[in-house]
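Structure record follows, encoded as structure tokens.
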Amino acid sequence: MKRMHRSNDTKFVVTDNRWIGKNTMMMMVEGPTDEFSAPGQFVNIAIPGFTLRRPISVCDIEGDTLTIVYDVVGHGTEALSKMVPGDLLDILPALGNGFDMSRCGERPVLLGGGVGCPPIYSLAKNMIAADILPTVVLGFNSDDRMIMIEQFENLDIPFYVATVDGSYGTKGYVTDVIRQEALNPDCFYACGPLPMLRALCSQLDIPGQVSLEARMACGFGVCMCCSLETKNGPKRICKDGPVFDKENLIWK
Amino acid sequence: MEVKENRVSAPDLSVSLSGVRLKNPVIPASGCFGYGYGMTEYYDINVLGSISFKGTTLHPRFGNPLPRVAECVSGLINSVGLQNPGIDEVVSVELPKMREAFHGPIIANISGFSVDEYRECCRRIEGEEQVAIIELNVSCPNVHGGGMSFGTCPDSVAEVVRAVKEVTTLPVYVKLSPNVTDIVSIARAAEDAGADGLCLINTLLGMRIDLKTRKPVVANVMGGFSGQAVFPVALRMVYQVSQACGIPVIGCGGVTTAEDVLEMMMAGARAVEVGTANLINPWACRDIIDSLPEAMARYGIESLASLHD
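Chains A and B, in that order, are what the protein sequence lines are.
Using numbering that gives the first Met the number 0, you'd call the opening residue of the first sequence number 0 and step up by one each time.
Using numbering that gives the first Met the number 0, you'd call the opening residue of the second sequence number 0 and step up by one each time.
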């Protein structure tokens, strides 16, 4: 059985919070990270003055430092962007299932789109540590929206970028990279906007795991606000996901 | 009274609902705690007085399209739409798992879109171990009554209560909707029809619009508003109904702290349900129970039951 989550007395300390893109920030917090069990899990962050926590996927874990990357899209994330080192955050860690690396093939391709790239970084790092050699393909709308390029390059694995407007890398989508570079993967892992995930699931005839998102209230499986109809019945994106097998998804 | 050695005697937190003894008045509200067992990752749920499980209908329901939640100041709007696996699966799959994790009295929250549906659900849960109280959610639309919610009409509330009382031996509590002109008349109708108790309030009908898209935030346009913001409204209604009715009232609506529990009980509630607070702080109910003794001491309350003497 899963270990019990630590009590709410535990707080995380902000150690860094900076812009890494036009609309995107990277935040590092220090606190207990031992509850995490898989890349692709997320945290749910309480932001002072706001009722709902903000669910944000985990980009990296190094010792007791947790890195998250988030787009500033509304008042909540705007408030989060103003946090400074030393600020304390009430964070529910280690939520959701995460990616399953145990069912990885020989030639995995990892695909990230926009602010869906951060969990792909964590997954790539974990695969490398497990002696799996992944290929990473990231997609962005344009070069001014790109994030984490240097971090991915530093992983020293096959790495490609696509931009919709062709301002950097391959012109088009991540699926165009797979075709043009003849990557020939035998499984895929993806996180990004729904149209990208839909395209991958319909175009790649190989097993895949995709990470989904939804507006959530609790983030730990009791409110049913993020339910998804799957081939195995209704599932909660926060608790049964956010990662789902391609085979179980129903695309409408 | 028994006083344990080397310990200050703990105040008496126990309460009774129609003869069902709860070791404390704190009950996670329906829809905010699932069937309980999922929350054992956070704390031992056996500290709870009871648990009101996720509202159950006769047939499985997926519920409303997403998004189902909208943030508000000191609260939130939800329009889950009674997603549940249906009464048979609740009885055969969810209840056994719930009983494994929780050993106290269980409140079965039952919903229906017709009088027959309420009756059939109650019939199928009758005799299930640990199920101690039936809680009727009368906020769903009545398909035979032009889609108007059962809870907005004294006659339909009475009809549901009478129908359910025919098939169950358990105490029947009616969870009242606040979206009515006169909550007291609905409460009295429930009492006159034989209800053993009342629970109030359910969520307030609310709405948010996204300024960027100019469209409602929740897909179902409107939803139920809950959270700390509704506490004064809930407290007022608990007070009015407690004054007017002789059956026990469970107070519900925005309860977040031990002080809120005491305030609800001073307004007349015999026990208290905690809803939205669980979604923000998974330890909310445990925290409230832990801080009740200190809060009681601060206000000179020796036992919760004494608040109603």
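Note that beta-carbon positions come from the ideal geometry of N, C-alpha and C, so glycine has one too.
No experiment lies behind these values; they were computed from the predicted model shown.
Is the Cβ of residue i closer than 7 Å to any Cβ of chain A?
{"i": "Val46 (chain B)", "result": "no"}
{"i": "Leu65 (chain B)", "result": "yes"}
{"i": "Gly33 (chain B)", "result": "yes"}
{"i": "Pro170 (chain B)", "result": "no"}
{"i": "Leu210 (chain B)", "result": "no"}
{"i": "Pro281 (chain B)", "result": "yes"}
{"i": "Val229 (chain B)", "result": "no"}
{"i": "Gly37 (chain B)", "result": "yes"}
{"i": "Gln82 (chain B)", "result": "yes"}
{"i": "Arg6 (chain B)", "result": "Reliability of the predicted coordinates at Arg6 (chain B) is poor, the pLDDT of 46 falling under 50, and no value is obtained from them."}
{"i": "Val68 (chain B)", "result": "yes"}
{"i": "Glu99 (chain B)", "result": "no"}
{"i": "Leu57 (chain B)", "result": "no"}
{"i": "Tyr117 (chain B)", "result": "no"}
{"i": "Val303 (chain B)", "result": "Contrary to the premise, residue 303 (chain B) reads as Leu rather than Val in this sequence. For Leu303 (chain B), the answer is no, since every Cβ of chain A falls outside 7 Å of its Cβ."}
Per the DSSP calculation, residue i is bridged to which residue(s)?
{"i": "Trp18 (chain A)", "result": "A:Met24"}
{"i": "Thr55 (chain B)", "result": "B:Ile109"}
{"i": "Pro177 (chain B)", "result": "Partner(s): none; Pro177 (chain B) has no beta bridge."}
{"i": "Cys198 (chain B)", "result": "B:Lys174 and B:Ile249"}
{"i": "Ile214 (chain B)", "result": "The sequence given here places Lys at residue 214 (chain B); Ile does not occur at that position. B:Asp209."}
{"i": "Leu87 (chain A)", "result": "A:Val12"}
{"i": "Ser138 (chain B)", "result": "None; Ser138 (chain B) has no bridge partner."}
{"i": "Asp99 (chain A)", "result": "Note: Asp99 (chain A) sits in no beta bridge, so no partner."}
{"i": "Ser56 (chain A)", "result": "A:Phe41"}
{"i": "Arg20 (chain B)", "result": "B:Ser15"}
{"i": "Asp70 (chain A)", "result": "A:Thr23"}
Under 7 Å, Cβ to Cβ, is there at least one residue of chain B near residue i?
{"i": "Leu51 (chain A)", "result": "yes"}
{"i": "Val221 (chain A)", "result": "yes"}
{"i": "His74 (chain A)", "result": "no"}
{"i": "Glu149 (chain A)", "result": "no"}
{"i": "Cys237 (chain A)", "result": "no"}
{"i": "Arg214 (chain A)", "result": "yes"}
{"i": "Glu77 (chain A)", "result": "no"}
{"i": "Pro241 (chain A)", "result": "no"}
{"i": "Ser226 (chain A)", "result": "yes"}
{"i": "Met3 (chain A)", "result": "yes"}
{"i": "Pro192 (chain A)", "result": "no"}
{"i": "Pro31 (chain A)", "result": "no"}
Determine the burial state of residue i: buried for a count of at least 16 other Cβ atoms within 10 Å of its Cβ, exposed for fewer.
{"i": "Gly62 (chain A)", "result": "exposed"}
{"i": "Ser226 (chain A)", "result": "buried"}
{"i": "Leu81 (chain A)", "result": "Note that residue 81 (chain A) corresponds to Lys in the displayed sequence, not to Leu. It counts as exposed."}
{"i": "Gly48 (chain B)", "result": "buried"}
{"i": "Glu4 (chain B)", "result": "With a pLDDT of only 48 at Glu4 (chain B), under 50, the local geometry of the prediction cannot be trusted, and no value is derived from it."}
{"i": "Asn183 (chain A)", "result": "exposed"}
{"i": "Lys21 (chain A)", "result": "exposed"}
{"i": "Pro64 (chain B)", "result": "exposed"}
{"i": "Tyr159 (chain A)", "result": "buried"}
{"i": "His4 (chain A)", "result": "buried"}
{"i": "Asn136 (chain B)", "result": "buried"}
{"i": "Pro47 (chain A)", "result": "exposed"}
Any heavy atom of the ligand PLP inside 6 Å of the beta-carbon of residue i?
{"i": "Thr229 (chain A)", "result": "For the structure depicted, the ligand PLP is absent and the ligand set is empty, with no information on it obtainable."}
Using a C-beta cutoff of 7 Å, does residue i count as contacting chain D?
{"i": "Phe61 (chain B)", "result": "Protein chains A and B are contained in the structure displayed, whereas chain D is not."}
(message) With three or more C-beta pairs closer than 8 Å as the rule, is the region 218-233 of chain B touching the region 68-78 of chain B?
(response) With a cut-off of 8 Å, the region 218-233 of chain B and the region 68-78 of chain B count as touching, because enough Cβ pairs lie within range.
(message) Extract the residue ranges of the alpha helix (DSSP H) inside the region 177-240 of chain A, only unbroken runs of 4 or more that lie entirely within it.
(response) Here the runs fully enclosed are 193-202.
(request) Entirely within the region 260-307 of chain B and at least 4 residues each: give me those alpha helix (DSSP H) ranges in chain order. (result) For the region 260-307 of chain B, whole alpha helix (DSSP H) runs of length 4 or above, ordered along the chain, are 275-279 and 283-297.
(request) Indicate whether the contact test is met: 3 or more Cβ pairs, each with one atom in the region 122-136 of chain B and one in the region 161-170 of chain B, closer than 8 Å. (result) Touching, yes, given that three or more Cβ pairs across the two stretches are closer than 8 Å.
(message) Contact between the region 173-187 of chain A and the region 119-136 of chain A is defined here as three or more beta-carbon pairs at a separation below 8 Å; is this criterion met?
(response) Three or more pairs of CB atoms, one per stretch, sit closer than 8 Å, so the region 173-187 of chain A contacts the region 119-136 of chain A.
(message) Taking 8 Å as the cut-off, does the region 193-207 of chain B touch the region 235-249 of chain B (at least 3 CB pairs, one atom from each stretch)?
(response) Flag = yes, the region 235-249 of chain B and the region 193-207 of chain B touch.
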